[in-house]
Structure formats: C-alpha cells, structure tokens
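Enquirer:
Residue numbers (UniProt numbering), protein chains in the order written: chain H, 1 to 313; chain V, 1 to 605.
(1) Is the CB of residue 258 (chain H) under 8 Å away from at least one CB in chain C?
(2) Can you list the residues of chain H that residue 267 (chain V) reaches, using a CB-CB cut of under 7 Å?
(3) Alpha carbon to alpha carbon, how far is residue 82 (chain V) from residue 74 (chain V)? Give it in angstroms, no decimals.
(4) Verify whether the separation of the beta carbon atoms of residue 385 (chain V) and residue 320 (chain V) is less than 8 Å.
(5) Please check the pair residue 529 (chain V) and residue 559 (chain V), which I expect to be a contact at CB under 8 Å, by giving their CB distance rounded to whole angstroms.
(6) Taking all protein chains shown into account, decide if residue 337 (chain V) is buried (16 or more other Cβ within 10 angstroms of its Cβ) or exposed.
(7) Beta-carbon within less than 6 Å of residue 660 (chain V)'s beta-carbon, same chain only, minus the 5 sequence neighbours each way: which residues are those?
(8) What are the boundary residues of the beta strand (DSSP E) that includes residue 114 (chain V)?
(9) Expressed to the nearest angstrom, what Euclidean distance is found between the alpha-carbon atoms of residue 378 (chain V) and residue 339 (chain V)?
(10) Could you check what DSSP says for residue 532 (chain V) in three-state terms: helix, strand or coil?
(11) Could you give the DSSP three-state label for residue 459 (chain V): helix, strand or coil?
(12) How about residue 267 (chain H) and residue 258 (chain H): do their beta carbons lie closer than 8 Å?
(13) If you draw a straight line from the alpha carbon of residue 85 (chain H) to that of residue 169 (chain H), how long is it in whole angstroms?
(14) Check each residue of the region 247–265 of chain V: if its Cβ is closer than 7 Å to any Cβ of chain H, include it; give the result in chain order.
(15) Could you give the DSSP three-state label for residue 203 (chain H): helix, strand or coil?
(16) With 8 Å set as the bound, which would you pick, yes or no: does the beta-carbon of residue 36 (chain H) sit closer than that to a beta-carbon of chain V?
(17) When Cβ atoms are compared, which residues of the region 80–109 of chain H fall closer than 8 Å to chain V?
(18) Near residue 211 (chain V), which residues of its chain fall below 8 Å by C-beta distance, leaving aside the five closest residues on each side in sequence?
(19) Should residue 30 (chain H) be flagged as near chain V, meaning a C-beta pair shorter than 8 Å?
(20) Counting only Cβ pairs nearer than 7 Å, list the residues of chain V close to residue 200 (chain H).
(21) In chain order, what residues of the same chain have a beta carbon less than 8 Å from the beta carbon of residue 450 (chain V), not counting five sequence neighbours either side?
(22) Does the count of Cβ pairs from the region 148–168 of chain H and the region 195–204 of chain H closer than 8 Å reach three?
(23) Given a threshold of 16 other Cβ atoms within 10 Å of its Cβ, counted over all protein chains shown, does residue 143 (chain H) qualify as buried or as exposed?
(24) Classify residue 240 (chain H) as helix, strand or coil using the three-state DSSP reduction.
(25) Quick one: grab the DSSP three-state call for residue 52 (chain V).
(26) Report buried or exposed for residue 115 (chain H), applying the criterion of at least 16 other Cβ atoms within 10 angstroms of its Cβ.
(27) Which residues of chain V have a Cβ atom closer than 8 Å to the Cβ of residue 248 (chain H), listed in chain order?
(28) On the three-state DSSP scale, how would you describe residue 327 (chain V)?
(29) Closer than 8 Å, CB to CB, is residue 405 (chain V) near chain H or not?
(30) Given that residue 232 (chain H) touches chain V, what residues does it touch there, using C-beta distances under 7 Å?
(31) Alpha carbon to alpha carbon, how far is residue 11 (chain H) from residue 245 (chain H)?
(32) Quick one: is residue 136 (chain H) near chain V, going by C-beta distance under 8 Å?
(33) What does the alpha-carbon distance come out to for the pair residue 383 (chain V) and residue 211 (chain H)?
(34) Going along chain H, which residues have a C-beta under 7 Å from residue 328 (chain V)?
(35) What's the C-alpha gap between residue 259 (chain V) and residue 54 (chain V)?
(36) Write down every uninterrupted run of the beta strand (DSSP E) in the region 66–122 of chain H whose length is 3 residues or greater and which is fully enclosed by it, in chain order.
Here's what the structure looks like:
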C-alpha cells in the first residue's frame, strides 16, 4: 500500500512539473507587450523598457524559467505584474469561494447520483426511462446557459436569491448558502445526470455478477446484498466519474464565477488571462493541477480501500 | 462519455441501412438530425440570406424590440440586427466544432490504433499522456492557451481538440484490443495480410461506429466550450458569434432579457442535437440484430394445466419437480422455451445427476429450484415442492421468492460452477462465510468464526486461518471451490444443488472435489442434485440420473441401469462420446487421500 501511494505521488509530481513547465514556455512567448499594457498608452519607450527590465522580461527563457521554478519550489510564486500583490496571497484568499462551491456540489452530486442511479438500476421501468430522458436533457444544455436561466428566473424574476456576490461562510452562514445556491444548482445538474448514468450501469453490471447470485443462494437479505456488496462493487466506477466531474467543475467555475460575480479562483484565472498577468496565471495553473493531483490520489486510495485487488496493481 | 461499444462485426450494407432506418424511426434522433440539418444549411447560406450586415451598428435603433423596422428579432445595444448575427454565427460555430473534432480524431485515432494493436511501451506512454490530458480542467488550459497564443477561436478549438483526443484514443484502443485477438483477425494475419491492411480493413471497420458517436458528442461539447470562451470575452470581437451575443444579452439582462434568449436557444439546440444524435446512434447500433449465441429451441410451450395444490406424491420426496417449464419472453411476444415438461424427484440422502450437453436446460432447471433464475425468465408451467412446501408454480415467480428466501442457504444450498467469479472480490473469504452463519443461523460472530474455520478444515484446507483472512484473488481456483462448498454446507442444508461443480477445475483437483462432495453428502445425509455434462462424474457419485436434451427429459432412472443399458439413442451417443477410448472416471480416481494443495499466494499489499 505504501509503495502504491508513493508511486501515485511521484506520478502526480511529474504531471505537475510537466504541465507547469509547458504552460511557462507557452506563456513566455506571449509576454511581449505586457509592459506597455501595464503602463498604458501614454508611457514612453524608455519607461516601457525600464518596466521590462524590472519584470525580468529582458532575461533569456531558461534564466527566467529557473528563477520561477526555484521560487515555486520554495512556495514563492512571485507578485502580480499589475497590482504587486503576492500571487500566493491572492490565490489563497480566493480558494475558499471556489472550493466551497465545488465541494458542496460534489457531495450533493454523489448523494443524488447514487440514489437515482441505484433506483434506475434496481427498479428499471419508468424510473430508468425518466433518468435517461433527464440526463440527456441535462447534458444537452451547456452549464453556463443553465446558469443564465437560473439568474434570470430566480434572482431577477422571482428575486428569491441574490444574482451576484459572495458571502464568506465565516461571516454569515445563511448569506453564504444563499450566495452559492444558484452556482451549485448550475454545476450540479450536469454532474448528477452523468454520474447517475455511470452508477446505474455499474450497478447493473455488478447485479449480473455470479457472486451476487451465490450470495442470494446463501440466504442473505436482498437489501444487504444491494447495499453492502453491489454498491461496494459499483463504487469505484462512481468515484472515478466523480473525480472527472470535479476536474470539469474547476473549469466550469471560471464561467460561473463570471456570471455570479464570485471572487474565486476562476475569476482570478480569467482576469490574469485577459491582462497577461503571467505570475498570477502560472500560480493559478499550479494550484489547480495540485488540487487535481490530490483529488486523483484520494480517489485512488478510496478505490484501493474498496477493492482489495486494486491495491496491488 | 467514454463508454465503449463491444460490437460484433456484421454484414456491412445491411447494418448500415438498418442503423440509419432505426435512427430515423427514433423521434429524438430524427428531431436532432433535422435541427442539425437546419443549422448546417444556415452555416452555408447564412451570410447570403442575412437581411442586414451583422456588424452594422445603428445606435438610433439600439435595443429595438422584435419586429421593429424589419428587424425580425430586434436589435442589440449597438443597434445591430439580432437575426442576421444569429444566422452568420452558425458558420463559425460549426466550423470551429468540426476543427475540434478533426484534431481530436487525427490525434486519437492513429495513436489509439497503434497502442491497441501493438501494446507495449508505446501503449504505456500513450496511456499515461492520456491520463494527464484527461486530468486537466479544459477551460483553465484554454485560458492559458489564449493568453499565450492569442484570442482566436481556431487556436482554442485546436487546443480543445487535443484535450478531447483522449476520448478518441481510449475508444479506439479498447475496440482494437477487443478485436486484435479475434479469430477473423488471426485468419487475416495467417492469410498473409500486412498489418497495415489488417488495421485498415478489419479494425477500422470495428471502431468506426463508436468513433462516429464520440465525434458527435465532441462537436456538442466543443460548441458549448467555444460559446463559453466567447461569452467570457476571449473570442474574436469582430466576428459575430453566439457566445458574444449571449454575453451581450447577459450584460443587458435587466433591460432586455430577450436578447439572451436567441443565442441561448441556438447554442442549446445545437449542442443538444449533437448529444441526442450521439445517444440515438448508440441506441440504433445496440438494437442491431445480434448473432444468436445459442440456437433457439423451438418447442411448443407445455400446456399450463391447473397445478394441483398439493401433489400427493410430492409429500414423500425431499424435492419434487413436476412438469416444469421455463421460458424467456422474446421481442414480438414469442417465448423461447428452455425447459419443458421436466419432472423428477430427489429423496433424503440421495444423489441425483442431471446430465446433458450445454444448452440442454439443466442449469436452468437447477436455478428454478433455487428461485435464482434471471429476472427475464418466466416459469411457464408445472410445480416444484420441497419437503412438502410448494415453492414454484407457473406465473408465481414473485410469490415463490418469499418462500424460497426462507429456505435458501438454510435448507437448500448451492454450489456454483465457476469458483473465482462466485466469491465477492471485495470481501475476505472469512467474512463471506461468517455473514450467512450469523444471518441465517443467528450465531454470534465468535461462534460463526469458529464454525467457519471448522468448515474450512472439513473441506480439506490445511491452513484455515490463512484462507479465512485471504481475499478471493489470493487463493487458487481449487481452493475457492472448496470455500464455496464450505459455504454451501455451512448451515446444514437438506438439499444441495451443485451446478457443474468440477468443470472449471484442473483434472487432479476435480477428483479431490468429487471425493469431498461424496464425503460431505454422507456426513450430512443431504439430498444432492448434481448438474453435469460428464457421465464419469455421474457414474462416480450419483444414485439416479436424469438425461436432458433441448430442455426435455430424455431418459431417467437408476445409474447402473442407464449406464449398462441406455434405452434412448441420445443417451447412448452421450455415453459413447464420453467413454470412447477412455476408462471411466471412477477407476481413474485415486482412492488414497489425495494431497491437498493449500498454498495461498499472498500478494503483498
């Protein structure tokens, strides 16, 4: 088990290194006019040149790369080119917003998808058909269109929930809930639909396994077989889909945070992209890849815990 | 969306027209096709039929309502004609989606073919890259790419195509792996076809269908992502696109929310049509007539006479099966009969063999007794009673489940054919033995553990504690079968149903397991129904035998009589096939206690 974790960790570090290096090299060639952008149109050529030296843009590629890598390894991602705020500080300040939306959505999606998926697999018939229709519908409408509809109906039309803004959990629990409800619904619809589909087919597969028949022949109650044996056999498939959903949500929040004006990681990512704020964008990419690696590791561990065979492979 | 389709190769032309016809018959699929047809036509002719210049601002007429001054859908905040912009937007939307799909295919298909066909190093490297690509949030990467390479829908869709290539890769790789070792591919190889032409002719044919479905889905996602990027302001500001229009509408959502409706509808309908089309295609392919795996048995269903409430003769026997019929309803109302008019009985302490070829209905008969037929199966007629308790009668599958669940495990037990697939891989062997003991017999956990270890010793496992703690994948097939036998007899059943208990085992282990069954049968004085295709096993173990063919009983009676003087030609053929050139199994078995193999391979965690 230890070697399993170590191998996954090494693989994760390699992914992190490869992705951040590639992003760095890609962004390097784009940082040509950033000094002019920062200073504005009225700045003289000399001022622009000075700014470029200040930002280190006159340095060759590899010198800048190793500077950045050295800093990153010690947890220092530099400061924003535009507002001089340390990158780590602005990311850490925005993480709670994004994570509270994504984590709550994942929990909701896991519970609902399991309920619907199992019901459709066991009952079949109309429950199953309803799930099929709803999930086709849910996967057909893009997430951000759903979000716009939700804002229009529930915030602007019915005025039930705020259209924009974020209230930290530590300030006011009710306000926090109200501020994240619509983004969560927008994210959850698609996640529930596609996860429920996967749970359904995994449960159907496990139900048809020989050992389920043998367990029935032993006189165990159907409920026990379903909840203890079948669900456990189907769980790895469900977890894998959930982890993919989680990764998708980290991208999805970029658009949702824009629509709901939430000051999260996605907001920061878009802002630094439009400005060309390379240190901030690099920081966001690294943090997101770290989150992805950690989530995948957790899922691998969970699958290993559920399925003894997976521990050795 | 990475679900793979294991498809059997079929006559090409027939399948193609069949699939297309089924697609058109599916109302959702037809609607999707029509919508996509309209979108494509708009993409081609949009710029020509647009009534206004889509970029011509007219601030006097800004935010005009639908129908004003010839503006069919009104104007936006800069006074541009919404309808014209919508028409023109279709073109870039479709082209960009096509670009993403083509890039994904160009990367995913060749790499998937190579990885699936050759495996090895290339496969591991490609699969690793795939996993990395799949674990990246697309929008974040697209943001970085647009910061680095510029704001162009073509650049983002190329990058997005790369991000979507893992889906194509995986689909291709799995399909190729599935057919690589198929006989017809081997035949092609033996016939001297080059690798390239095998891939071209046979393998591309198989992966074609799943790839078309995946392409449709990728197009849908690409349009959604593209619109999202444009909505975020990362598109080309000069091109009128649906995403830009949606952003425009969202900015004015308080003033004229209708502006967001049109592009929102256009995006949702197009994305939805691609997704629905993908699903409908999948359904159409899955409904394709498949090759029948077993020959359908055409029998007239047995007359479902009114079943006597209590068969007087049945009360004397431990198990009594009378005129049993089992069938599987087919599409179109027909029923495929797999067991017809089967009657036999088993007494306490008696071993009855049911012998026949595969497909003769012997396993179906066994599952009927246990009430463990698949959900699709139906009892067509007859009755089964156990120790005077009526278990099964025609149409009463649900009713019988209630009675059977009280008997299963406790009084009627089951030994399956395939040892490895009949233990839950996620639980230790000990747990799987202890749980029924506590549930069915109401033992405490400590009592059940002691009993389970004792049972493991009884079935000849020399280190019971080690097997008790092991997971199923850590023991051999022979050992797993001993565990299953221990589980079956654990609650002292009166009747044991053994379905080909030795078929999946090595010959040496077979003899040991038969010896074990004989010992246990004598020790617990159980009635046994032994399902087998092997007359050697019958001769070795059984008192009486029932010979089945095509779902019917051909002959039944005392083992000696039938072995010496079979009345039916079928029995003679069966016997002849099994004994020809061989000494009967019974003389082969070693009478001294056979060595017991008990070396669980503990694979380190």
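Where is the CB? At the ideal position from N, CA and C, for every residue including glycine.
Expert: A quick look at the data gives this:
(1) Any reference to chain C falls outside this structure, whose protein chains are H and V.
(2) Position 267 of the second chain, counting from 1, holds the residue named residue 267 (chain V). The contacting residues are 142, 145.
(3) In the second chain, counting from the first residue as 1, residue 74 (chain V) sits at position 74. In the second chain, counting from the first residue as 1, residue 82 (chain V) sits at position 82. If I take the Cα positions, the gap works out to 6 Å.
(4) Position 385 of the second chain, counted from the first residue, corresponds to residue 385 (chain V). Position 320 of the second chain, counted from the first residue, corresponds to residue 320 (chain V). Yes.
(5) Position 529 of the second chain, counting from 1, holds the residue named residue 529 (chain V). Position 559 of the second chain, counting from 1, holds the residue named residue 559 (chain V). Not a contact, Cβ separation roughly 14 Å.
(6) Here the question's residue 337 (chain V) lines up with position 337 in the second chain. Classification of residue 337 (chain V): buried, given that the 10 Å Cβ count is 16 or more.
(7) Summary: the structure shown does not reach residue 660 (chain V), with chain V confined to residues 1 through 605, and so no result is reported for it.
(8) On the second chain, position 114 is the one that residue 114 (chain V) refers to. Not the beta strand (DSSP E): residue 114 (chain V) falls in the alpha helix (DSSP H), residues 82–118.
(9) What you label residue 378 (chain V) is simply residue 378 of the second chain in a count that begins at 1. What you label residue 339 (chain V) is simply residue 339 of the second chain in a count that begins at 1. Looking at the two C-alpha atoms, the distance is approximately 10 Å.
(10) Residue mapping note: residue 532 (chain V) aligns to position 532 of the second chain, counting from 1. Strand.
(11) The sequence position of residue 459 (chain V) within the second chain is 459, counting from 1. DSSP places residue 459 (chain V) in coil when its eight states are reduced to three.
(12) In the first chain, residue 267 (chain H) corresponds to position 267, counting from 1. In the first chain, residue 258 (chain H) corresponds to position 258, counting from 1. Cβ distance < 8 Å, so residue 267 (chain H) and residue 258 (chain H) count as in contact.
(13) The sequence position of residue 85 (chain H) within the first chain is 85, counting from 1. The sequence position of residue 169 (chain H) within the first chain is 169, counting from 1. Roughly 24 Å between the two C-alpha positions.
(14) 250, 253, 254, 257, 260, 264
(15) Looking up residue 203 (chain H) in the first chain gives position 203. If DSSP states are grouped into helix, strand and coil, residue 203 (chain H) belongs with the helices.
(16) Your numbering for residue 36 (chain H) matches position 36 in the first chain. For residue 36 (chain H), the answer is no, since every Cβ of chain V falls outside 8 Å of its Cβ.
(17) none
(18) By 1-based counting over the second chain, the position of residue 211 (chain V) is 211. Hits under 8 Å: 105, 109, 168, 171, 172.
(19) Working through the first chain from its first residue, we reach residue 30 (chain H) at position 30. Yes, contact with chain V.
(20) Translated into positions along the first chain, residue 200 (chain H) becomes position 200. By Cβ distance, chain V contributes nothing, its closest Cβ being about 12 Å from residue 200 (chain H), past 7 Å.
(21) Here residue 450 (chain V) refers to the residue found at position 450 when the second chain is read from its first residue. Nothing listed; no residue qualifies.
(22) no
(23) By one-based count along the first chain, residue 143 (chain H) stands at place 143. Flag for residue 143 (chain H) reads buried.
(24) As a working mapping, residue 240 (chain H) is identified with position 240 in the first chain. In this structure, residue 240 (chain H) counts as helix in the three-state DSSP scheme.
(25) Locating residue 52 (chain V) in the second chain gives position 52, where the first residue counts as 1. Residue 52 (chain V): coil per DSSP, three-state reduction.
(26) Here the question's residue 115 (chain H) lines up with position 115 in the first chain. Classification of residue 115 (chain H): exposed, given that the 10 Å Cβ count is below 16.
(27) Counting from one through the first chain, the residue named residue 248 (chain H) turns up at place 248. Within chain V, the residues near residue 248 (chain H) are 137, 138.
(28) As a working note, residue 327 (chain V) is residue 327 in the second chain. Strand, per DSSP.
(29) Stepping through the second chain from its first residue, residue 405 (chain V) is reached at position 405. So, interface residue.
(30) Here residue 232 (chain H) refers to the residue found at position 232 of the first chain. Chain V residues near residue 232 (chain H): 426.
(31) Position 11 of the first chain, counted from the first residue, corresponds to residue 11 (chain H). Position 245 of the first chain, counted from the first residue, corresponds to residue 245 (chain H). If I take the Cα positions, the gap works out to 21 Å.
(32) Translated into the one-based positions of the first chain, residue 136 (chain H) becomes position 136. It does: the Cβ of residue 136 (chain H) has a partner Cβ on chain V nearer than 8 Å.
(33) Counting from 1 along the second chain, the entry for residue 383 (chain V) is found at position 383. Counting from 1 along the first chain, the entry for residue 211 (chain H) is found at position 211. If I take the Cα positions, the gap works out to 27 Å.
(34) Numbered from 1 along the second chain, position 328 holds the residue referred to as residue 328 (chain V). Ordered by position in chain H, no residue passes the 7 Å Cβ test against residue 328 (chain V), which lies about 15 Å from the chain.
(35) Start at 1 with the first residue of the second chain, and residue 259 (chain V) comes out as number 259. Start at 1 with the first residue of the second chain, and residue 54 (chain V) comes out as number 54. One C-alpha to the other measures close to 15 Å.
(36) none
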